[in-house]
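Here the structure is laid out as structure tokens; the discussion comes afterwards.
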Amino acid sequence: MTLTDWLVAALGAVVVGAALAVVTTAHVVRAGLWLVVALGGLAGVFLVLTAELVAWVQMLVYVGAVVVLLLFAVMLTRAPIGASPDLDRSRWPALLVGAGSAAALVVLLVDAYRWSEVEIDDAAAGTAEQVGAEIFRQWVLPFEVLSVLLLAALIGAIVVSSRAGADVGERR
Amino acid sequence: MHPVVPYVLAALLFGIGLYGVLLRRNLLLVLMSIELLLNAVNLILVTADVSTVGVPRSGSVFALFVIVLAAAEVGVGLALILQLYRLRQTVAVDRVDTGEADADRVDAGGSGTAAATGDPAGSGR
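Here it is, written out as structure tokens:
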């Protein structure tokens, strides 16, 4: 195992532990904070895998924006501060499906890749310059479509959460 | 580098996220588990980007696209959840008040008097 493997494995242990805490903790706020640890650890994995820009965007968008939005929503829905006993539904069907799909994927991927080894050359690092050139040479149309989708999502969120929408719901 | 290490990590993360989606009752926690699912997919994309030959950096580009989609999804999803909470006073997926009581309410609402019954506490907010 090379240094990259050890780093990915160590950060991966942190990510898996934090993700398990997200889905098992009885505190809603703590689940959001464990999500920060999981997503930050994953950004570290991206860095080790030389996907530099993805790692920084992950930190900015996920840890900076998405988690903060989720924590705001936790506050706005008046989640209890302490432990809530009724956050979970029946455990065994979820455990069956989750463990089953994880096992199937692990078997599939291990069988496909075995212990093969690839060289990461520094020239292929995903810096902002290289990824930007790739986006604007190969993927311009999806990029533009995504900008329209973001605008639509923004307007949709405003319309759904505006007071006028609530009045329509109450007048019904 | 052995690509199987991040691939297995992504598979485990996907399983954990699926477990959370099916297990949790609180809609916000379901959304957090969906974020874990999307991040597992991102990890697969980035790993495939560095470990296979092909158009270089396509995996990173698609990971960025997935991050943008996740941001849009969270924005709309949270707006819907907050609206649901405003109308029904709950974010538990299996305790949203629908069904027979709801049908009665619509019938009563036809007379124009019982429109407030659907929102006993929310009207004061």
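Residue numbers (our numbering), protein chains in the order written: chain A, 14 to 185; chain B, 3 to 127.
Where is the CB? At the ideal position from N, CA and C, for every residue including glycine.
Going along chain A, which residues have a C-beta under 7 angstroms from residue i?
i	result
ASP99(B)	None at all; the shortest Cβ gap to chain A is about 14 angstroms.
ILE36(B)	None at all; the shortest Cβ gap to chain A is about 11 angstroms.
LEU33(B)	LEU83
With 7 angstroms as the threshold, decide whether the Cβ of residue i is near any Cβ in chain A.
i	result
ILE69(B)	yes
ARG90(B)	no
THR115(B)	Because THR115(B) carries a pLDDT of 39, less than 50, the predicted location of this residue cannot be relied on, and no value is offered for it.
ALA123(B)	Confidence at ALA123(B) is low in this model, with a pLDDT of 41, below 50, so the placement of that residue should be treated as unreliable; the coordinate-derived value is given next. No, its Cβ sits nowhere closer than 7 angstroms to a Cβ of chain A.
VAL55(B)	no
VAL43(B)	no
LEU39(B)	no
LEU86(B)	no
THR119(B)	Bear in mind that a pLDDT of 43 at THR119(B), under 50, signals an unreliable position, so the number given afterwards is only what the model happens to contain. Not one chain A Cβ lies under 7 angstroms of THR119(B).
Would you list the one or two residues that DSSP bridges to residue i?
i	result
ASN41(B)	Per DSSP, none; premise fails for ASN41(B).
ALA94(B)	ASN28(B)
Give the straight-line distance between the Cα atoms of residue i and residue j, rounded to the nearest whole angstrom.
i	j	result
SER125(B)	ILE171(A)	Annotation note: pLDDT 39 at SER125(B) (below 50); position unreliable, coordinate value reported separately. Cα to Cα, SER125(B) sits roughly 20 angstroms from ILE171(A).
LEU47(B)	ALA96(A)	36 angstroms
VAL78(B)	ALA166(A)	6 angstroms
GLY145(A)	PRO58(B)	12 angstroms
ALA78(A)	ASP124(A)	37 angstroms
ALA34(A)	ILE18(B)	10 angstroms
TRP3(A)	GLY113(A)	No statement about residue 3(A) is possible, as the shown extent of chain A runs from 14 to 185 and does not include it.
ARG127(B)	MET72(A)	Interpretation of ARG127(B) is limited by its pLDDT of 37, a score under 50 that renders its predicted location unreliable; no figure is taken from the coordinates.
TYR87(B)	ASN41(B)	27 angstroms
ILE69(B)	TYR75(A)	8 angstroms
TRP69(A)	LEU62(A)	13 angstroms
LEU15(B)	LEU38(B)	7 angstroms
VAL27(A)	ALA51(A)	7 angstroms
ALA31(A)	GLY25(A)	10 angstroms
LEU16(A)	GLY56(B)	25 angstroms
VAL36(A)	TRP47(A)	9 angstroms
LEU80(B)	LEU33(B)	9 angstroms
VAL10(B)	TYR126(A)	10 angstroms
ASP109(B)	LEU31(B)	With a pLDDT of only 48 at ASP109(B), under the threshold of 50, the placement of this residue in the model should not be trusted; the figure read from the coordinates follows. One C-alpha to the other measures close to 34 angstroms.
THR90(A)	VAL81(A)	14 angstroms
ASN28(B)	ALA12(B)	25 angstroms
GLU75(B)	ILE83(B)	12 angstroms
VAL7(B)	VAL52(B)	13 angstroms
VAL131(A)	ASP99(A)	47 angstroms
LEU71(B)	TRP128(A)	33 angstroms
GLN85(B)	LEU163(A)	20 angstroms
LEU60(A)	SER175(A)	39 angstroms
GLY54(A)	ILE133(A)	20 angstroms
Mind pulling the chain B residues with CB within less than 9 angstroms of residue i?
i	result
TRP152(A)	SER60, VAL63, PHE64 and PHE67
Say whether chain B places a C-beta atom closer than 7 angstroms to the C-beta of residue i.
i	result
GLY139(A)	yes
VAL74(A)	yes
VAL70(A)	yes
ARG218(A)	Any question about residue 218(A) goes unanswered here, given that chain A covers just 14 to 185.
ALA64(A)	yes
ILE168(A)	no
LEU122(A)	yes
GLU130(A)	yes
VAL42(A)	no
ALA32(A)	yes
LEU163(A)	yes
LEU46(A)	no
VAL50(A)	no
VAL158(A)	no
SER174(A)	yes
GLY54(A)	no
LEU89(A)	yes
ALA96(A)	no
LEU60(A)	no
THR118(A)	Correcting the residue identity first, residue 118(A) is Leu in this sequence and not Thr. Interface residue, yes.
GLY57(A)	no
GLY77(A)	no
GLY111(A)	yes
Please list the partners that residue i has in chain B, where partner means a Cβ-to-Cβ separation under 7 angstroms.
i	result
ILE148(A)	VAL63
ALA22(A)	VAL7
ALA6(A)	Absent from the structure is residue 6(A), since the part of chain A shown begins at 14 and ends at 185.
ILE133(A)	MET3 and VAL52
ALA107(A)	TYR21, LEU24 and LEU25
Strictly below 8 angstroms CB to CB, what residues from chain A border residue i?
i	result
ALA50(B)	By Cβ distance, chain A contributes nothing, its closest Cβ being about 10 angstroms from ALA50(B), past 8 angstroms.
Taking Cβ-Cβ distances shorter than 8 angstroms, what residues in chain B pair up with residue i?
i	result
ARG127(A)	VAL6
MET39(A)	Correcting the residue identity first, residue 39(A) is Ala in this sequence and not Met. Within chain B, no residue comes near ALA39(A); the closest Cβ sits about 10 angstroms away, beyond 8 angstroms.
VAL27(A)	In chain order: nothing, as chain B lies at least about 11 angstroms away.
PRO155(A)	PHE67
(request) Note down, one range per segment and in chain order, each alpha helix (DSSP H) of at least 4 residues found wholly within the region 60-139 of chain A. (result) 65-70, 80-89 and 104-126
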